[in-house]
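For the sequence shown, my numbering gives the first residue as 541, with consecutive numbering after it.
Virtual Cβ for every residue (Gly too), placed ideally from N, Cα, C.
Here the structure comes first, spelled out in structure tokens, and everything after it is commentary.
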Amino acid sequence: MNNELLKLFDIKDDVVETFTVDHKESNYEIDIRFKPSRFSCPTCGSTHFISKGNKKRSIVSVPVNDKPVKMVTYVKRYKCIDCNASFSDVNPIAYGDWSFTRTAIISILNRLKPYNATYASIARMFGVSSTRIMEIFDTFVRIKRHSLPRVLLIDEFHFSRNSKYKYPAILMNFENNLIIDIVESRTHDIMSDYLFKIDLEERKKVEYICTDMSFIFKPLLKTYFPNSTLLVDHFHVTRLINDQLNHTRKRIMRKYVKNKKSREYRLLKHRYKILLKSKNNIDNETFKYDKIMECHVTENMILETLLSFDDELRQAYNAKEEYLIFDQVSKEEVNNSNKRKELNAVIKKFKHTHMEESISVAVTLEHWKEEILNSFTWINDRRISNGPCEG
């Protein structure tokens, strides 16, 4: 048995029965079987019990050589003959009910300390979701609120299904990616109470606020940040438009549902991601064999085939592309253009499709017009967005 490896994972040699390491391409998987540690029933104290096999549990450990480590642990299960109770040996490396080792949790907390640390980057190191890292942060860290920055980002994230509130709000400093605070919920009452407790003079120092298109934030920010300019995160707008395009795609796909083997249905169902890509990123040169098309084609050829199925889909796609042309510009290009005129033309384009999904987009763009135009703001050559909140 490799004692050095056991020390690395903070495991005592005398509790381990077998220890094997499987070096996979993307991670390490370690199987550990622990020696028996129960010698009496925890319920009645009897020493008369029988083995019921092993209890298997996957636990995240610290990364090795920049690769995630998953430990598959096995502890003995028993059944008491006298009181009929079932019980297991204690898992010596799991931290309570967490699916992490103690050293992994400490390592995660240490990696969260730098101001530029992100949940997503740490999640990748440990091979888990960002939500799991957030849960550790929320459980073990009680950060003191930092002063409000000049450029404040407010975003939500989905938390554990067991949490009281599903959508806490994260406040960040755009200029240095520092987490200012995490508010337990983005509901109107909780956010209003939270902001009210911050001194007005501190709130007056905030010049820009970037958020999603939440109807909760808009009235609150006008009330509590009198000197700030409100911006909509332009990535959220693009996501909204793509979501509506996807709804149109699904509606059209249902026309072919009676023949699921048809090329139309199969392409709309399995190649839809091409519709969501920017036209600038569509490959028009590389030919690859496509099983549905049954020939060698480029991405652009698949796109044109999809758009040929229905004129409404083409209209929705073209409207999406027109918005991307409006949005994806440099600081210099903005200075030499009339963005208000361009946005009005985009809104008109969505309205003129006469489709429910696109009209919904037009209404949203109209409602958030000023905040969308404000989003063309650069600080230190970076366009303000909620990108840092997203990891």
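Cα-Cα separation between residue i and residue j, rounded to whole angstroms
i           : j           : result
residue 875 : residue 896 : 34 angstroms
residue 912 : residue 900 : 16 angstroms
residue 713 : residue 771 : 14 angstroms
residue 867 : residue 902 : 15 angstroms
residue 710 : residue 796 : 43 angstroms
residue 584 : residue 593 : 21 angstroms
residue 835 : residue 827 : 9 angstroms
residue 905 : residue 891 : 11 angstroms
residue 699 : residue 708 : With a pLDDT of 49 at residue 699, under the threshold of 50, the modelled position of this residue cannot be trusted; read the value that follows with caution. Cα to Cα, residue 699 sits roughly 7 angstroms from residue 708.
residue 847 : residue 889 : 17 angstroms
residue 606 : residue 744 : 44 angstroms
residue 832 : residue 812 : 13 angstroms
residue 659 : residue 674 : 7 angstroms
residue 788 : residue 753 : 21 angstroms
residue 910 : residue 819 : 26 angstroms
residue 637 : residue 716 : 35 angstroms
residue 720 : residue 639 : 28 angstroms
residue 596 : residue 582 : 20 angstroms
residue 657 : residue 624 : 50 angstroms
residue 568 : residue 604 : 8 angstroms
residue 809 : residue 800 : 9 angstroms
residue 798 : residue 790 : 14 angstroms
residue 740 : residue 869 : 36 angstroms
residue 733 : residue 686 : 17 angstroms
Whether residue i touches residue j by CB criterion (7 angstroms)
i           : j           : result
residue 792 : residue 850 : yes
residue 609 : residue 643 : no
residue 718 : residue 926 : no
residue 914 : residue 769 : yes
residue 589 : residue 572 : no
residue 677 : residue 652 : yes
residue 553 : residue 546 : yes
residue 556 : residue 570 : no
residue 879 : residue 916 : yes
residue 919 : residue 691 : yes
residue 600 : residue 668 : yes
residue 838 : residue 821 : no
residue 551 : residue 633 : yes
residue 750 : residue 773 : yes
residue 776 : residue 756 : no
residue 815 : residue 748 : no
residue 635 : residue 645 : yes
residue 724 : residue 688 : no
residue 672 : residue 696 : no
residue 612 : residue 591 : no
Residues sharing a beta bridge with residue i, DSSP
i           : result
residue 750 : 693, 771
residue 591 : 618
residue 923 : 918
residue 657 : In the DSSP output, where bridge partners are listed per residue, residue 657 has none listed.
residue 568 : 563, 609
residue 709 : 696, 723
residue 574 : 556
Heavy atom of the ligand PLP within 6 angstroms of residue i beta-carbon
i           : result
residue 857 : Because no ligand of any kind appears in the structure shown, any question about the ligand PLP cannot be addressed here.
Contiguous beta strand (DSSP E) assignments of at least 3 residues, all confined to the segment 597-653: 607-620, 626-628
The segment 622-639 touching the segment 577-587, judged by at least three CB pairs closer than 8 angstroms: yes
Stretch pair the segment 839-848 + the segment 878-888: three plus CB contacts closer than 8 angstroms: no
Contained beta strand (DSSP E) runs [length at least 3] in the segment 827-907, N- to C-terminal order: 828-830, 835-837
Runs of alpha helix (DSSP H) lying entirely within the segment 757-820, each at least 4 residues, in chain order: Along the length of the segment 757-820, whole alpha helix (DSSP H) runs at least 4 residues long occupy 757-764, 774-793, 803-810, 813-816, reported in chain order.
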